[in-house]
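Before any comments, here is the structure.
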């Protein structure tokens with residue numbers, strides 16, 4: 018198999034470069050970009066220079082000295098490191114002289130001197146750059162007869178990552194990644210000289226959301242991740258390139274399996290999207306695919322309990338109810354599936370005459386946000402100004418956070434942030450405005466009176482990053498703030514940061530609310546008994562709808578509930594029929610990321626039991642209901658999409674030639690003025706609540722992935738240190754959080770990132786459920802009592 | 013040895029003589045480190061003269077004087093100041109007082125005995141080169157130097173020599189004293205900058221990070237040695253022509269040389285640059301007065317532990333870089349280490365190699381792995397457990413650090429021609445090659461001693477058994 022290493026991916030040359038220089042590498046003339054390192058130019062020219070510390074997505078350090086080459090100089094050939102020597106016009110580079118070969122062999126010999134050579138029991142063996150380059154560029158044998166360095170091995174440096182310091186060749190890749198790219202400088206070099214080692218700080222684990230990347234870029238087996246340790250040998254793996262569907266960034270991945278079981282997911286360098294990086298959640302939540310808790314066969318409620326059934330019986334039951342319900346059918350969900358799934362369910366809904374459908378669960382932004390001028394990630398990262406009216410991206414869309422962080426660190430963009438609490442990008446923001454929850458439009462209005470801000474907005478392109486930062490307040494505040502920004506900067510475009518993987522695809526392909534009948538309306542209708550048949554398309558309202566009470570009443574009020582899910586989620590457990598669904602890694606298809614980029618997702622393993630893909634279920638039901646769509650295969654679905662979904666069909670057919678996918682552009686529509694649900698008056702004794710997501714929560718894929726299950730921080734409520742003192746609470750002790758008649762008991766914590774008068778609580782965490790307090794109002798004020 | 017004021021005299025072994033004194037003129041006074049003594053002996057007169065001139069003229073004067081850098085590379089200070097780009101603010105001066113080359117202890121004397129002279133030098137340099145702030149980086153182990161510079165800085169601030177509007181002029185400068193934490197490699201200028209920034213003391217790769225372009229906190233930075241700056245007050249008082257009148261045209265002025273090892277009178281000497289020869293220094297009556305106990309000279313290190321060794325064949329070379337380089341070594345930091353005929357050459361080489369292996373920062377592979385490997389093989393050889401192959405292996409490992417011909421001195425006994433300095437290297441800085449220098453010099457010039465070691469039977473330790 019091919020080695021998957023983001024480091025070995027050559028970055029293609031941008032097309033026309035006015036600053037191109039021509040250099041000669043091993044006698045061949047090569048076009049290179051001014052300022053580019055020699056090694057990058059050589060990579061493109063197909064001249065491989067061995068390397069360990071060099072990584073095209075990180076700053077060079079020139080530490081390993083493996084990439085030495087000879088460059089002709091005024092005093093004869095000079096030996097330089099190609100990873101830190103820029104190309105120059107007329108430069109003559111040789112990578113193959115005896116002197117270079119001697120130096121490269123010498124370096125391999127030195128690197129191997131203290132390397133334990135425990136390749137037979139090392140997870141990296143078979144895809145190890147040290148192993149590979151020892152064969153291709155090494156001397157063949159070692160003359161080192163001394164005792165090697167010894168360390169305790171391996172030691173856990175976090176819940177997920179193990180460190181073996183004996184194997185480490187001190188290339189600085191992991192430490193550089195943690196410090197420069199992720200901004201979590203939690204691993205560093207300690208000691209000196211021959212005793213140098215990578216280490217965490219005492220009592221501080223390497224608890225980074227991005228720790229898995231260090232495992233992937235480690236050029237030896239020094240860093241290994243728990244989920245893959247001793248699971249398979251690299252040469253036994255099969256792999257297919259795919260797209261991560263954990264969140265809507267749409268990072269490119271390869272899904273690797275052994276014996277029809279997914280064992281690892283690695284990042285692939287997609288220039289417009291993820292640059293090879295993945296977050297740990299996206300990297301390790303494949304474990305849930307292999308979970309023993311999967312629903313394997315259809316379940317039908319008989320005498321009050323769910324019992325196994327055949328697909329024929331289950332589908333028959335569903336078809337009967339759908340026929341009876343007709344237009345009073347409601348479909349919630351679809352954002353976790355593929356474009357094809359969403360398209361077919363949209364067609365089925367059309368055939369039923371059903372207008373009640375929503376791919377979101379009242380936990381995102383209104384679908385109108387997609388009608389605003391569309392921005393891509395690259396456009397955001399090269400804009401003059403990026404305005405964040407969004408949640409903490411590090412918690413929700415981690416790799417987008419990395420891209421924006423990189424652009425801000427390199428001073429390419431200026432970030433203006435409007436947020437109720439401090440986020441991970443606050444420290445890098447040009448302006449960061451703290452506003453009370455629900456007052457984003459007022460904060461924007463005030464911001465726009467600042468002459469410096471107006472000058473900044475006028476200085477170049479502006480991208481507004483819009484998302485639901487607070488699940489305890491109405492989404493209309495964010496929408497209204499975005500509208501004001503678009504009015505002030507008419508050329509601005511919007512990057513909607515809706516969280517679920519394919520929410521953009523689902524909303525665009527037929528699962529968007531019609532006539533304003535969105536999830537909140539549907540749930541209210543269901544609660545009042547006006548929904549005959551409620552279809553939960555991979556959605557779990559009981560866990561995800563911010564208003565827990567509404568979700569409960571809705572599920573109780575709907576006459577017949579069908580859940581198409583991979584797990585028996587709390588909502589599925591209430592359903593009348595549960596149909597087992599195939600998940601990512603088990604089905605081919607396409608997905609649309611937050612910027613509208615359509616990329617392929619691949620089937621790598623067989624779905625367990627009799628689980629089927631969503632589109633097949635839709636097609637079958639349609640046929641049973643007498644609507645023959647003429648669809649039997651995925652190819653048929655795509656053909657139907659070509660006529661039924663302009664743009665998408667075309668994008669899908671071009672995918673095979675393009676790993677980076679295709680952005681489907683949608684013409685901006687006229688804006689509808691947003692009706693704001695005004696927040697109530699403030700009471701100085703109360704706290705206005707921010708209910709925000711953390712990367713690790715009780716989501717089913719996280720909960721059923723052993724590596725991630727323990728990482729959720731747990732329910733709680735955080736307040737400013739002075740507020741904690743005011744209410745007389747002790748950090749870590751339980752407090753009663755009260756809103757009207759309702760109350761929950763949660764441990765209180767203290768955080769200087771939360772302003773005074775605001776309280777921050779994580780969403781969907783193990784422990785007491787703060788959603789019990791949410792009531793779909795403009796904003797939620799709570800009081801905190803010490804019991 | 014207790015000093016006149018009851019403080020410990022940390023700088024023994026400075027020897028005066030009937031020679032020009034540029035940087036050591038106050039050393040005769042027990043209270044040379046006080047502001048009072050400094051002012052009584054032309055102190056800050058050079059600064060006054062400099063401030064009365066346009067900065068460019070001061071720069072020109074230093075350029076004319078050709079003050080060679082005394083840290084090791086010998087790059088002229090005036091030229092170095094000119095490398096910092098114009099129109100960038102701020103630009104920094106960093107004073108390299110992290111004197112750590114084995115055998116070198118001249119800067120320590122200058123800092124302990126005449127801190128105000130150094131401060132005056134800093135002020136003149138920053139004024140001439142248009143630098144905004146000065147950082148004085150003093151080696152962590154030099155407690156007395158730190159104390160005296162701190163005291164002197166306080167005195168100078170109080171008296172208006174440092175700070176805002178110095179001596180009523182429009183020139184303002186802050187000097188920040190920073191203590192090192194005991195790493196040899198921090199004497200390398202880019203590692204020193206890293207350390208000053210609060211990072212691990214690891215060198216940066218040059219290019220692209222020449223400090224004059226991208227230095228401290230990413231700003232243009234001039235890094236000068238203590239002794240280099242200590243020359244400036246004298247030059248400003250007496251003019252560049254008086255300076256160039258001493259020494260030779262390519263090596264004007266004087267330089268401090270620290271002699272250690274098997275000479276009759278080790279110590280620090282201020283010698284005339286360019287004309288004084290190693291023979292003068294080692295055998296001269298006003299200098300070291302010959303080898304101890306009437307022994308014969310076997311070898312000497314001409315420029316600090318990282319310089320290839322010389323033998324009696326090279327005694328007549330002067331302190332002139334353009335002569336020493338082609339002869340196969342360097343003047344470096346002005347430390348001469350003398351070995352007489354009783355010296356165990358393999359053990360002497362091991363001592364130096366062990367130092368450099370221990371002081372490797374660990375950043376680049378050849379130094380981190382190669383240095384220790386050299387030390388391990390060499391210590392085996394010294395212990396009598398080596399083989400002939402080990403001797404070749406030492407040279408092979410060295411090839412991975414310094415590919416190609418390695419500089420060494422000529423030898424009439426062995427019929428060897430000199431290989432000129434410098435060497436090629438695969439490392440970022442000179443610490444890695446420095447670990448190989450003693451191995452290579454010793455093996456090239458005294459291979460028979462190594463061969464004797466490895467061919468001799470291993471001594472089996474005999475334990476006395478009680479009857």
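Residue numbers (my numbering), protein chains in the order written: chain H, 18 to 804; chain L, 13 to 479.
All residues carry an ideal CB built from backbone N, CA and C; glycine is no exception.
Around residue 213 of chain H, the beta-carbon contacts reaching into chain L at under 7 Å are 374 and 380. Taking each of L:294, L:95 and L:286 in turn and checking the Cα distance to residue 272 of chain L, the smallest one comes out for L:294.
For residue 708 of chain H, the enclosing beta strand (DSSP E) begins and ends at 704-709. For residue 127 of chain L, the CB contacts under 7 Å within the same chain, skipping 5 residues up- and downstream, are 45, 160, 161 and 164 in chain order.
For residue 781 of chain H, the three-state secondary structure derived from DSSP is coil. For the pair residue 622 of chain H and residue 305 of chain H, the CB atoms are not nearer than the 7 Å cut-off. Cβ atoms of residue 353 of chain H and residue 555 of chain H come within 8 Å of each other, at about 4 Å. For residue 580 of chain H, the enclosing beta strand (DSSP E) stretches over residues 577-582. The Cβ atoms of residue 468 of chain L and residue 358 of chain L do not sit closer than 7 Å to each other. Note that the region 791-803 of chain H touches the region 693-703 of chain H; at least 3 beta-carbon pairs, one per stretch, sit closer than 8 Å. Taking each of H:170, H:255 and H:649 in turn and checking the Cα distance to residue 214 of chain H, the smallest one comes out for H:170.
For the region 404-416 of chain L, the set of positions with a beta-carbon nearer than 9 Å to some beta-carbon of chain H reads 405, 408, 409, 411, 412, 413, 415 and 416 in chain order. Separation of the CB atoms of residue 88 of chain H and residue 117 of chain H is rounded to 10 Å, and the pair is thereby denied contact status at 8 Å. Residue 149 of chain L and residue 108 of chain L do touch by the CB rule: their CB atoms are close to 6 Å apart, below 8 Å. Residue pairing from DSSP places residue 109 of chain L in a beta bridge opposite L:150. Beyond the five residues adjoining it in sequence on each side, residue 285 of chain L comes within less than 8 Å, by CB distance, of 80, 258, 259, 260, 263, 264, 265, 266, 267, 331 and 332 in the same chain, given in chain order.
Between residue 312 of chain H and residue 585 of chain H, the CB-CB gap stays under 7 Å.
Beta-bridge analysis with DSSP links residue 216 of chain L to no other residue. Chain order gives the chain H residues near residue 439 of chain L as 82, where near means a beta carbon separation below 8 Å. Between residue 664 of chain H and residue 681 of chain H, the C-beta spacing is below 7 Å. Per DSSP, residue 118 of chain L lies in no beta strand (DSSP E) segment; the continuous alpha helix (DSSP H) that holds it begins and ends at 118-125. Between residue 104 of chain L and residue 135 of chain L a beta carbon distance of about 14 Å is seen, past the 8 Å cut, so the two are scored as non-contacting. Positions of the alpha helix (DSSP H) runs, each at least 4 residues long and wholly inside the region 327-379 of chain L, are given as 333-336 and 357-371 in order along the chain. Bridge partners of residue 550 of chain H according to DSSP: H:346 and H:577. Burial of residue 183 of chain H is indicated by the presence of at least 16 other C-beta atoms within 10 angstroms of its C-beta. In the structure shown, residue 295 of chain L falls within a helical segment according to DSSP collapsed to helix, strand and coil. Neighbours of residue 204 of chain L in chain H, taken as residues at a C-beta separation under 9 Å, are lacking, since the least C-beta distance is about 16 Å. Looking at the DSSP output, residue 236 of chain L sits in a beta bridge with L:107.
About 12 Å separates the CB atoms of residue 327 of chain L and residue 336 of chain L; that is not less than 8 Å, and the two are not in contact. Taking the beta carbon of residue 98 of chain H as reference, the chain L residues within 8 Å of it are 217, listed in sequence order.
At least one CB of chain L lies nearer than 7 Å to the CB of residue 120 of chain H. In this structure, residue 370 of chain H lies away from residue 359 of chain H, with their beta-carbon atoms at least 7 Å apart.
Cβ neighbours of residue 411 of chain H within its own chain (closer than 8 Å, five residues either side excluded): 226, 418, 440, 441, 442 and 712. Taking the beta carbon of residue 108 of chain H as reference, no residue of chain L falls within 9 Å; the closest one sits roughly 13 Å away.
Its chain contains 110, 192, 204, 207 and 213 as the residues whose beta carbon lies nearer than 6 Å to that of residue 198 of chain L, once the 5 sequence neighbours on both sides are disregarded; these appear in chain order.
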